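In order, the protein sequence lines correspond to chains X and V. Residues 1 to 277 (the UniProt record's numbering) make up the first sequence, in order. Residues 1 to 277 (the UniProt record's numbering) make up the second sequence, in order. What follows is one structure encoded as C-alpha cells, with my remarks underneath.
Number of protein chains: 2
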Amino acid sequence: MRIAYLGPKGSFSHQVAKATFPQGNLYGYATITEVMKAYERKEVAYSIVPVENSIEGSVHETLDYLFHQASIHAVAELVQPIKQQLLATEKGKRIEKIFSHPQALAQGKRYVEQQYPQAQLEVTASTAYAARFVAEHPEQPYAAIAPRSAAKEYGLEIIGQDIQEMPENYTRFWILGESSPNLSLLAHEKKISLALTLPDNLPGALYKALSAFAWRGIDLTKIESRPLKTALGEYFFILDIHAEKEALIDFAIEELTTMGITYKILGNYEVYRIKEQ
Amino acid sequence: MRIAYLGPKGSFSHQVAKATFPQGNLYGYATITEVMKAYERKEVAYSIVPVENSIEGSVHETLDYLFHQASIHAVAELVQPIKQQLLATEKGKRIEKIFSHPQALAQGKRYVEQQYPQAQLEVTASTAYAARFVAEHPEQPYAAIAPRSAAKEYGLEIIGQDIQEMPENYTRFWILGESSPNLSLLAHEKKISLALTLPDNLPGALYKALSAFAWRGIDLTKIESRPLKTALGEYFFILDIHAEKEALIDFAIEELTTMGITYKILGNYEVYRIKEQ
C-alpha cells in the first residue's frame, strides 16, 4: 500500500508513517500541501499530515488546505511524542554550527547555550533536512537538532539526548483517506473535527453554535478561529468533538444547519498514541 | 520619543511606525520578541508588533509572549493594508532568482509564474531583508518581493506593482505602552483583548465564559485557542471584544472570576486604519 508523508526520510512524519504502516510503501513529499495533493491525485492510499503541536499550536497549512480546497477527510489520528536529539557524524567532535528547523532550535536553545555556547545556529526547512545536510558534510564542525530516527537514517551519532526544553511535547498527525485504516495500534478515543462558517460574524452565532453542543452534553476538546481570507475579522471555526454520542452529534449538526450555519466535516477518527522510539 | 519596530528598515512594521509616529526616533529590532523586550527594558516609550494578518491569521510569537511572559498591554491598534511589489535594481533586468519571506512568495506566486516562469524562488527571514539583499547585489539577476517602502529605503525600482493574489490583505499591529499615544489618525472603534484560562478544559467552561458576554449583548469580534504549552489539548483563549459598553464588560469579567476563570487583559485600545502609501 502506498503512503505519502512529509519528507525527507528521518522526519517525525516519516517516524509516524513507519509506526502506522510498517508494511507500507512510504513516499516522502517536499511540502504538506504536496502530501495532501498526493492523496487527491490518487497517487497513494493514505496521506499523513501534522495538524497540531502541543507547544506551537495548529499547523495552518494543513487545516487551511482541508477547509479551503480539499474534500478529503481524516480517518485516523496519531499522537507522536516529540523528542529532539543533537546529532553529529562522530562523538567528541568540535561543533561550530548547529542546523535545524526554527522550532527545534528554539526547543534546544537552553541545552545548546550550556553545552556549545560558541556555536552558531542556522535555520533549515526541517529537522530531517538538517540531519541529512550534516551527514553530507562530515569534514565540517556541524551538528543538527533532529529526531532519533534521523540518526539511524543518515548514520549520525546522538551527541545530546532529549535536549528539548519542554518535556511534554506531542504532535497530532492525521491520516487522510477513504476509510479507517486497519492499524495494529490501540485506539483510546474517537473524535470528530468540524469546520463551521457562521452566517454573519456576530458573536451570537458562535454562541448559538456552541449551545447546540453544550446543552446536549457533547464535549468540545478544541475550538479555534482561522481567517476566511476574505477580510480582516472574518473567520471560520474548527471544533474538535468527543464522538461518544454520535446520534446526539447528528442532531446538533442538523440544528446548526437550520440556523444557517454551514459545516464541513474535516475528520471522523479514532485517536492512537504512538510509543516513543 | 523612542519607538521599537520589527526591522530592518522598509518592513511593513517600519511603514506602520513611520505613519504612527512621524516625529519619533525609530529603532529596528531583529525579532518580534526583541521588539517587546525593548519596551519591557524601558529602552523605548512604545513598541510596535504585528498581531494578526487577514490571510495568515494570528502572529503566535506576539500573542504567546504577551500571555506567557509579558505584563504589558496594547494601547492602540493600527490596521495596515499589505501590498507586495516586485523590486529590482533596474527595470528591464533579467531576473533569475526572486527572494522574499515565504508568505510573500506564496502571495506573489501567480504573478511570478506568469511573468518570470523560469525564476527560482528563495526564502528570506523577511521581505525587507530580501530587498536589502537584492540592493546589495546589483550585478546579480535578482529581484525581491517587498513593500513599497523597501523600494524607497534601498533605492530599488518597482518592476511589478501590487502583485499579491488576494486584494484584501491587512495586518493588525499593536502599540505596546503605558498609555494611549496621541495619534493624528482617526480612531474608528474601541476594543478590549482578553486571554482566558479556564479552571479545567471542559467545553462547559468555555461556553459559560461566552455566555457571560453573549447575554449582555457584548460583541466578540474574535475567539482563538492557543496551546497552554502544558499538554496536548490544553488551551488558553484569546477574545477580542467590542468595547462599547465598558460597564457591562466589567460585570462580565467579574462574573468570569467568580466562575473560577482567570483572565489577563492583553489590550484596551482604539483601532486606527492606516492609509495605503
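For every residue, glycine included, the Cβ atom is placed at its ideal position computed from N, Cα and C. None of these values were measured; they are calculated from a predicted model.
Reduced DSSP category for residue i - H, G, I as helix; E, B as strand; rest coil
{"i": "His-242 of chain V", "result": "strand"}
{"i": "Thr-258 of chain V", "result": "helix"}
{"i": "Glu-61 of chain X", "result": "helix"}
{"i": "Ile-55 of chain X", "result": "coil"}
{"i": "Lys-275 of chain X", "result": "coil"}
{"i": "Ile-249 of chain X", "result": "helix"}
{"i": "Leu-186 of chain X", "result": "coil"}
{"i": "Gln-69 of chain X", "result": "coil"}
{"i": "Lys-18 of chain X", "result": "helix"}
{"i": "Ser-13 of chain V", "result": "helix"}
Beta-carbon contacts of residue i that lie in its chain and below 7 Å, excluding the five residues immediately before and after
{"i": "Glu-61 of chain V", "result": "Ile-32 and Thr-33"}
{"i": "Gln-115 of chain X", "result": "Gly-160"}
{"i": "Ile-253 of chain X", "result": "Tyr-263"}
{"i": "Phe-12 of chain X", "result": "Gln-80, Ile-82, Pro-147 and Thr-171"}
{"i": "Ala-212 of chain V", "result": "Ala-252, Glu-255 and Leu-256"}
{"i": "Glu-56 of chain V", "result": "Gln-103"}
{"i": "Pro-199 of chain V", "result": "Ala-205, Gly-260 and Ile-261"}
{"i": "Arg-94 of chain V", "result": "Pro-141"}
{"i": "Ala-135 of chain V", "result": "Thr-89, Tyr-154, Gly-155 and Leu-156"}
{"i": "Lys-208 of chain V", "result": "Met-259"}
Check: residue i C-beta below 7 Å from any heavy atom of the ligand ADP
{"i": "Leu-196 of chain V", "result": "The ligand ADP is not among the ligands present in this structure, which contains no ligands whatsoever."}
DSSP beta-bridge partners of residue i
{"i": "Gln-80 of chain X", "result": "X:Thr-171"}
{"i": "Gly-267 of chain V", "result": "V:Ala-74 and V:Ser-193"}
{"i": "Val-49 of chain V", "result": "V:Trp-174"}
{"i": "Arg-2 of chain X", "result": "X:Asn-25"}
{"i": "Ala-88 of chain X", "result": "X:Glu-157"}
Anticipated Cβ contact below 8 Å, residue i with residue j, distance rounded
{"i": "Ala-30 of chain V", "j": "Ala-4 of chain V", "result": "At roughly 11 Å, the Cβ-Cβ gap does not stay under 8 Å, so Ala-30 of chain V and Ala-4 of chain V are not in contact."}
{"i": "Leu-6 of chain V", "j": "Val-49 of chain V", "result": "7 Å"}
{"i": "Gln-15 of chain X", "j": "Gln-80 of chain X", "result": "7 Å"}
{"i": "Ala-128 of chain X", "j": "Ala-150 of chain X", "result": "5 Å"}
{"i": "Leu-220 of chain V", "j": "Ile-223 of chain X", "result": "The Cβ separation is near 12 Å, so there is no contact."}
{"i": "Ile-218 of chain V", "j": "Ile-238 of chain V", "result": "That belief does not hold up - the Cβ atoms of Ile-218 of chain V and Ile-238 of chain V are roughly 16 Å apart, past 8 Å."}
{"i": "Tyr-180 of chain X", "j": "Glu-77 of chain X", "result": "First, the amino acid is wrong: residue 180 of chain X is Ser here, not Tyr. Not a contact, Cβ separation roughly 11 Å."}
{"i": "Leu-145 of chain V", "j": "Leu-86 of chain V", "result": "Sequence check: residue 145 of chain V is Ile here, not Leu. With a Cβ gap of about 6 Å, Ile-145 of chain V and Leu-86 of chain V count as contacting."}
{"i": "Leu-266 of chain X", "j": "His-73 of chain X", "result": "7 Å"}
{"i": "Ala-88 of chain X", "j": "Glu-157 of chain X", "result": "6 Å"}
{"i": "Ala-70 of chain V", "j": "Glu-40 of chain V", "result": "7 Å"}
{"i": "Val-51 of chain X", "j": "Trp-174 of chain X", "result": "5 Å"}
{"i": "Gly-10 of chain V", "j": "Ala-187 of chain V", "result": "Contact doesn't hold; Cβ gap of about 27 Å is too wide."}
{"i": "Ser-47 of chain V", "j": "Leu-194 of chain V", "result": "That belief does not hold up - the Cβ atoms of Ser-47 of chain V and Leu-194 of chain V are roughly 20 Å apart, past 8 Å."}
Residues of its chain near residue i, where Cβ-Cβ distance is below 6 Å and the 5 sequence neighbours each way are ignored
{"i": "Val-123 of chain V", "result": "Pro-102"}
{"i": "Asn-268 of chain X", "result": "Ile-192"}
{"i": "Leu-121 of chain X", "result": "Ile-98 and Leu-105"}
{"i": "Arg-273 of chain X", "result": "Val-79"}
{"i": "Thr-197 of chain X", "result": "Phe-236 and Thr-262"}
{"i": "Asn-25 of chain V", "result": "Arg-2"}
{"i": "Ser-225 of chain X", "result": "Tyr-235 and Phe-237"}
{"i": "Ala-45 of chain X", "result": "Met-1 and Arg-2"}
{"i": "Arg-216 of chain X", "result": "Leu-248 and Ala-252"}
Own chain residues within Cβ distance below 8 Å of residue i, not counting five before or after
{"i": "His-68 of chain X", "result": "Lys-229"}
{"i": "Lys-18 of chain X", "result": "Leu-26 and Ser-149"}
{"i": "Asn-169 of chain V", "result": "Asn-53, Ser-54, Ile-55, Pro-81, Ile-82, Lys-83 and Gln-107"}
{"i": "Asp-162 of chain V", "result": "Lys-83, Gln-84 and Gln-85"}
{"i": "Ala-125 of chain X", "result": "His-101"}
{"i": "Leu-210 of chain X", "result": "Leu-220 and Ile-223"}
3 or more residues per run - each beta strand (DSSP E) lying fully within the stretch 97 to 174 of chain V: 97 to 100, 120 to 123, 142 to 146 and 157 to 160
May I have a chain-ordered list of the beta strand (DSSP E) segments no shorter than 3 residues that lie completely inside the stretch 22 to 46 of chain X? 25 to 29
At which residue ranges does the stretch 192 to 237 of chain V contain complete alpha helix (DSSP H) runs of 4 or more residues, listed in the order of the chain? 203 to 214
Give, in chain order, every residue of the stretch 28 to 52 of chain X whose Cβ lies closer than 8 Å to some Cβ of chain B. The chain labelled as chain B is not found among the protein chains of the depicted structure, namely X and V.
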